[in-house]
Amino acid sequence: MKILNYGSLNIDHVYRMPAFVKAGETLSATDCALHTGGKGLNQSVALARAGAEVYHGGKIGADGIDLKSFLESAGVNCDHLRIDSAVPTGHAIIQVVDSGENCIIIYGGTNSRVTREEIDDTLAHFDTGDYLLLQNEISNVNYLIHRAHEKGMIVVLNPSPITKALTEYDGLALLDWMIVNQGEAETLAGVSEGDSLSVLAALHAKYPRANLVMTLGKRGAVCLADGAIFTGRTYTYGKRVDTTGAGDTFTGYFIAGLARGCSVAESMELAGRAAGLSITKAGAAESIPDLATVKNAVPVD
Numbered sequence: 006m007k008i009l010n011y012g013s014l015n016i017d018h019v020y021r022m023p024a025f026v027k028a029g030e031t032l033s034a035t036d037c038a039l040h041t042g043g044k045g046l047n048q049s050v051a052l053a054r055a056g057a058e059v060y061h062g063g064k065i066g067a068d069g070i071d072l073k074s075f076l077e078s079a080g081v082n083c084d085h086l087r088i089d090s091a092v093p094t095g096h097a098i099i100q101v102v103d104s105g106e107n108c109i110i111i112y113g114g115t116n117s118r119v120t121r122e123e124i125d126d127t128l129a130h131f132d133t134g135d136y137l138l139l140q141n142e143i144s145n146v147n148y149l150i151h152r153a154h155e156k157g158m159i160v161v162l163n164p165s166p167i168t169k170a171l172t173e174y175d176g177l178a179l180l181d182w183m184i185v186n187q188g189e190a191e192t193l194a195g196v197s198e199g200d201s202l203s204v205l206a207a208l209h210a211k212y213p214r215a216n217l218v219m220t221l222g223k224r225g226a227v228c229l230a231d232g233a234i235f236t237g238r239t240y241t242y243g244k245r246v247d248t249t250g251a252g253d254t255f256t257g258y259f260i261a262g263l264a265r266g267c268s269v270a271e272s273m274e275l276a277g278r279a280a281g282l283s284i285t286k287a288g289a290a291e292s293i294p295d296l297a298t299v300k301n302a303v304p305v306d
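Each residue of the sequence shown is one higher than the last, beginning at 6 in the working numbering.
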C-alpha cells in the first residue's frame with residue numbers, strides 16, 4: 006500500500022531566543038541554524054522512518070535541491086517532486102525559547118504554485134486503497150481532496166495552518182481521517198471552550214464521515230474512529246529541547262501504522278512514542294527517530 010504525501014517543503018531559519026519577540030520589540034538571538042522543514046517534508050520523513058512506502062508530491066525552487074536530497078536520503082520517493090526555477094522555495098522563520106516551545110512565520114514560495122494539472126498527473130500513479138496525506142501549506146488542497154476521493158484513495162488531512170479558506174472547503178466532508186490539535190479542532194468545530202471529548206464530539210458532528218485524531222500536547226491524544234474512543238498517553242525520554250516537529254512526527258507514524266495494518270490503538274501508541282523522542286533533539290525533520298529507535302527506547306516516566 007502506497008502513501009502519497011502531497012505537501013510543503015521549506016527551508017527553516019531557526020533562532021534560539023530568550024523569549025518570543027513582541028510587537029515593537031527587538032531581541033537578539035542566542036543561536037541560529039538552517040534546517041530542512043515544511044510540514045509536508047517533516048511528515049514524509051516521519052512516514053519513511055516509520056517504515057512506510059512514501060512518495061512526496063510537491064514543488065521546490067532551484068534553491069531547494071538540498072531538500073530533495075534530504076528526502077531521498079531518508080527513504081522518500083521524489084518522482085513526483087517538481088522544480089520551478091522562477092520562484093523561491095518556501096521557507097519559515099522559527100523562534101524557539103528555552104522551554105522548547107516555538108512560534109513560526111511561513112512564506113509559501115513554490116508551495117503556493119502547485120497546479121491542478123500537476124495534481125492530476127501525480128494522482129494517475131496511485132490507486133484505490135492508497136493513502137493521500139495533506140496539510141494546508143500548498144495550493145489546491147480542496148481540489149486534491151476531491152480528486153483523491155474520486156479515485157477511492159484514503160484521504161487524510163492535517164489542517165494546519167487553519168485559514169478562512171480552509172474552513173470553507175467542501176472537500177472536508179469527504180475526508181477519511183482528520184488529525185488536528187485542540188486549537189485547530191475548536192476553530193473547525195466552531196466552539197471556543199470545552200474539554201477534549203466535547204470538542205471532539207463537536208468536530209465529529211460537523212464532519213461525521215471522518216475519523217478524528219486530536220493531539221493534546223503534554224496530555225497525549227484522543228481519537229474517535231468508527232464510533233469508538235481511543236486515548237493515547239505522552240512518553241518522556243528526557244529534556245524537552247524543541248517541539249517544532251512533534252506533531253508532524255505523530256502524524257507520520259500514526260498513518261504509517263494504519264497503512265501497515267496496525268490497530269488504531271497500536272498506531273497511537275507508536276506515534277506517541279515517536280513524538281516523545283522527537284522533542285529531545287533540535288530541528289524538525291532531523292529530530293524524527295527511526296522505527297527501531299522508537300521500539301527500543303525506554304521512557305523515563
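We put the beta carbon where it would ideally sit given N, CA and C, even for glycine. Keep in mind the model is a prediction, meaning the values are calculated, not measured.
Where residue i falls, given that 16 or more other Cβ within 10 Å makes a residue buried
i: Lys244; result: exposed
i: His61; result: buried
i: Arg214; result: exposed
i: Glu189; result: buried
i: Met158; result: buried
i: Met22; result: buried
i: Val160; result: buried
i: Leu137; result: buried
i: Asn186; result: buried
i: Glu173; result: exposed
i: Met219; result: buried
Spatial neighbours of residue i in its chain, beta-carbon cut-off 6 Å, leaving aside the 5 residues before and after
i: Thr42; result: Note on residue identity: the sequence assigns Gly, not Thr, to residue 42. Correct list, in chain order: Asn15, Asp17, Ala97, Ala289.
i: Leu162; result: Leu139, Leu180, Met183
i: Ser272; result: Phe259, Gly262, Leu263
Cβ-Cβ separation, residue j to residue i (assumed contact under 8 Å), whole Å
i: Phe235; j: Val269; result: 5 Å
i: Asp68; j: Pro93; result: 6 Å
i: Arg118; j: Ser144; result: 7 Å
i: Glu142; j: Ile111; result: 7 Å
i: Arg152; j: Asp125; result: 7 Å
i: Tyr212; j: Leu177; result: 6 Å
i: Gly80; j: Ser13; result: No, Gly80 and Ser13 are not in contact; Cβ-Cβ is about 19 Å, not under 8 Å.
i: Asn116; j: Gly63; result: 7 Å
Contacts around residue i, its chain only, beta-carbon distance under 8 Å, and the 5 residues preceding and following it disregarded
i: Ile293; result: Asn47, Val50, Ala51, Arg54, Gly250, Asp253, Thr254, Gly257, Ala279, Ser283
i: Lys286; result: Val246, Asp247, Ser292
i: Gly195; result: Ala207, Lys211
DSSP bridge partner residues for residue i (one or two, in chain order)
i: Tyr112; result: His96
i: Arg87; result: Lys64
i: Asp17; result: His40, Ala97
i: Asn107; result: Val101
i: Ile8; result: Val59, Tyr136
i: Asn82; result: Tyr60
beta-carbon residue i near the ligand NAD non-hydrogen atom, thresh 6 Å
i: Glu58; result: As presented, the structure is devoid of all ligands, the ligand NAD included, so that no description of it is given.
Same chain, Cβ closer than 7 Å to residue i, neighbours up to 5 away in sequence not counted
i: Leu217; result: Met183, Leu205, Leu208, His209, Cys228, Leu229
i: Gly281; result: Thr239, Tyr240, Thr241, Tyr242, Pro304
i: Lys73; result: Ile65, Cys83, Leu86
i: Leu221; result: Gln187, Ser201, Val227
*asked:* Ignoring anything shorter than 4 residues, give me the alpha helix (DSSP H) runs that lie fully in the stretch 158–226, in order along the chain.
replied: 169–172, 187–194, 201–211
*Of all the beta strand (DSSP E) runs that stay within the bounds of the stretch 226–272, which reach a length of 3 or more residues?*
226–230, 233–237
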